[in-house]
Every structure is written in C-alpha cells, then in structure tokens.
Amino acid sequence: MLAPQVLGVLVRRGADFAAAEDAVQETLIEALRVWPDAMPDDPKGWLIRVAGRKLIDVYRSDTARHRREDRLHREPPPGPIEQADDTLLLLSRCCHPSLTTASAVALTLRAVGGLTTAQIAQAFMVPETTMAQRISRAKRTVTGAGFDRPGDIGAVLAVLYLIFNEGFTGQINLAAEAIRLTRQLNESVGDPEVAGLLALMLLHHARQTARWSPTGELIPLDEQDRSLWDTQMITEAVAILQHALATDRLGPYQAQAAIAALHDDAADPHETDWPQILQWYDELTRLADSPVVRMNRAVAVGHVDGPRSGLAALADVDASVPRRDAVAAYLHERAADRVEAARLYTAAASKAPTIAERHHLIKQAARLNSHVSGPPDA
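Here the sequence shown stands for residues 94 to 471, where the numbers follow this note's numbering.
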C-alpha cells in the first residue's frame, strides 16, 4: 500500500494528479527491477525520490517547467523522508467538489484503494468500459481543477465504505485499511456520521473470522459460531456509536451501525431483537431510502410480522436489484414454500457476484430440492 502514500506526497507538493500517478507507476516498475538486487532501507523514501525525479524530468520538457518545478520543490534534500501518511489526504483531495460523487468514489477507489477498474465497475454495477471512461474523465477534471478546496465528506465516507466492502468479501484485503483510514478521519473531524461508519465497519469486521468455513465456504449470519466474534471490537464499536447517537445528529451510517449492533448483541440468532431492527430500518428508509434498504427491511418485516408480510414488502423492490432473489427465497422458505424457494435460490446463484456466494446458494437450493423430492423408491 505504499503507492497511494507516495502519490499523496506528490499531489500535496503540487503535482498534477495524472502526471503524479504516471510517475508512481513508472517508479514501481523500476523498483521491481532494482529492489531484488538492492533493497533500500527506506522503501517509501526511495519511491518518493525516484518518482519526484521522474516528474521533474517530465516538467523540464514542458514550457512551464520552472513554475512547476518550484511547486514540486525539486528533489527532496538528503536526510530522513517525511513519514506522514498522506493516504487520507489523497483520498480527500480525490473527492474534489468539481467531481460528481460517483466519479469521486471511482477515482479514489482506483488511486487510494488500489482496486482495478473491473472491481470498481462491479461495485457500481456498470460495464468495465463505462467505468474506465468515468475514471479517465475524473483524472482530467482533477488535473485541471487543482486541489485548493477540501473534499466532500459524504463522498469520502462512500469511498471508505466501498473499500471496506470490497475487502470484506475476501476478494481483496482492504477492510483493515478502510478501518484505519476511517479511524484517522474520525479523530480529525469529529463528525457523528464518520463515527457511525467506523462503528459499522468494526461491527461487521468483528464477525469476519466466523464468516468463512475452513474450506472457504460462506457462512450466513444466523449459522455463524458467535463465540468466534471479536467481542472487544464489538464493545469498542458500540461505545463509538453511543457517543455519535448522543449528538442527536442521526445519519444513515449511524442507523446502519445500530442495526449491526443489535445483530451483534444477540448471543443466539433466536434472541435477535427484530422489532427494534425494524424500527431502525424505518429510520434508515427515512434518511436514505433505496431499493437495497427496502429489500433488507423486508427481511425484518418477515421476522416481525411473518414471511408473507415480508414478501409483500419485498414486492416494492425491483426484480433487478442484486440479491433480491436470495431474499425472496429466504422468505418463501420461512413461509414453507420450498418449491418456490428452491427455484429462487437457483436463480439467485446464477447472478451471484462471488463464487463463494454462488456455492452457498446452490447448496441451499439442493437442500430444499432434496426435501421436496423425498427419498428414492425402494
């Protein structure tokens, strides 16, 4: 994760975003060539020095090289290189007011999170070519706009949550980095929604060990071994959330954290306080209504008022919403409609975004089909 930090240093010194990113990429290639034979004592400092030289070489060929070299302060003087972590600064700067939230999120996921264009496209549910064009436009915008205004906190939080979720899937180990950045942001701004997001991340991350079987299979929440949950992390998250809620400035991240806290508070799935969870989903719907929120609310309705009521609530959610078929299957199974549940689990498996999720849904469908078909004839 040194590349985003180096990029942040160059941008803070005044380099154009696109030029700095190119310089960092060229420097990483050079590091792959040089480091196996002579590993530097200070890898980050080496990267900053070499990338700075490459930028100076580029600017010297430009008519405005003198002005830009002054902005870059030329090559850093000999001695210790600054060790401040500029990743968060870079993230904030990438969320430039000139960008739409979607473009800011995409750009920072690419520059700070290190995600590929394909992974970002999957997060946004758009074609990869569309996302590549969006990121390219965002780079051009921030290169011309400069970095004289602070980033939008809403876009920054969206970026951090997307980075966390990408890490949480197990495909990329970014969850801990997202927590670290969010914790740093929470210490510096004192915004209750930042605290809410930090609590939400911690409450989810506390279950990570129990979320996967030794063979890599996905374990749903109600089947997890709760003795494996990190109770210390849960305790910290609840304290952070309570402090945020006490400010009486409720936002969607705080509401989501409250829902997660109620799940984590149950020692057994049957002890889950579904009526209170439903109340929080009603608040979340008021604060940030979306098809995904209404879909998850339908699950809570199914637990409080019965699966048929849950299915009625789910009817308002468009069939194209990811994981809707899986939720419908779950509610149909609770309503003892095994045939329809098995069909929907199969349909959900065909659309699953990960192999682990696909395998889990296929197993659910096979389990129900075996009950429906019954034992073979003698």
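All residues carry an ideal CB built from backbone N, CA and C; glycine is no exception.
For residue i, count neighbouring C-beta atoms within 10 Å of its own C-beta (all shown protein chains included) and say buried if the count is 16 or more, exposed if not.
i	result
THR201	buried
ILE256	buried
LEU148	buried
ILE213	buried
SER185	buried
ALA412	exposed
MET132	exposed
ARG342	exposed
GLN98	buried
HIS425	buried
ALA379	Sequence check: residue 379 is Arg here, not Ala. ARG379 should be labelled exposed.
THR340	exposed
PRO345	buried
ALA434	buried
HIS363	exposed
HIS336	exposed
LEU454	buried
GLN325	exposed
GLY289	buried
PRO285	buried
GLU270	buried
Please classify residue i: does DSSP put it in a helix, a strand, or coil?
i	result
LEU100	helix
TRP305	strand
LEU192	coil
LEU267	coil
ASP358	helix
THR275	helix
PRO136	helix
ASP130	coil
LEU343	coil
THR223	helix
ARG146	helix
ALA449	helix
GLN108	The displayed chain sequence assigns Ala, not Gln, to residue 108. Three-state DSSP puts ALA108 in coil, outside helix and strand.
TYR317	Reading off the sequence shown, one finds Gln at residue 317, where the question assumed Tyr. GLN317 falls in the coil class under three-state DSSP.
ALA408	coil
ASP115	helix
PRO169	Annotation note: pLDDT 48 at PRO169 (below 50); position unreliable, coordinate value reported separately. Three-state result, PRO169: coil.
HIS425	helix
Only counting the same chain, and skipping five residues up and downstream in sequence, which positions put a Cβ closer than 8 angstroms to that of residue i?
i	result
ILE174	Low local confidence applies: a pLDDT of 41 at ILE174 is under 50, so the model's placement there is unreliable, with the coordinate-based value given in what follows. These residues qualify, in order along the chain: ASP135, LYS137, GLY138, ILE141, ARG142.
LEU95	PRO136, LYS137, LEU140
LEU377	PRO345, ALA348, GLN349, ILE352, VAL386, ARG390
Within the same chain, show all residues whose beta-carbon is closer than 6 angstroms to that of residue i, passing over the 5 residues directly before and after it, in chain order.
i	result
TYR374	ARG390, ALA393
ALA116	ALA144, LYS147, LEU148
ALA216	LEU255
VAL410	PRO384, ARG387, MET388, ARG417
ALA381	PRO345
If I follow the unbroken alpha helix (DSSP H) through residue i, where does it start and stop?
i	result
PRO415	Run containing PRO415: none; DSSP gives neither H nor E here.
LEU377	367-381
GLN212	210-217
GLY206	No alpha helix (DSSP H) contains GLY206, which DSSP labels as neither H nor E.
ARG390	384-398
HIS297	285-298
ALA332	324-338
THR439	431-444
Who are the near neighbours of residue i in its chain, counting only those whose CB is closer than 7 angstroms to its CB and skipping five residues on each side?
i	result
PRO170	Because the pLDDT of PRO170 is 45, which lies under 50, any placement of that residue in the model is unreliable, and the question is left without a value.
VAL198	ALA248, ALA251, VAL252, LEU255
LEU183	PRO97, LEU100, GLY101, VAL104, ALA204, VAL205
GLN176	Below a pLDDT of 50, predicted positions are generally treated as unreliable, and GLN176, at 41, falls in that range; no measurement from the model is reported.
HIS396	TRP367
GLY309	ALA449
VAL385	VAL414
ALA113	LEU100, LEU103, VAL104, LEU148
LEU296	ILE327, ALA330, ALA350, ALA353, ALA354, ASP357
In the DSSP assignment, what are the bridge partners of residue i?
i	result
LEU311	TRP305
For a test of your reading of the model: does the CB of residue i fall under 8 angstroms from any non-hydrogen atom of the ligand NAP? Yes or no.
i	result
ALA271	With respect to the ligand NAP, the structure shown offers nothing to examine, as it has no ligands at all.
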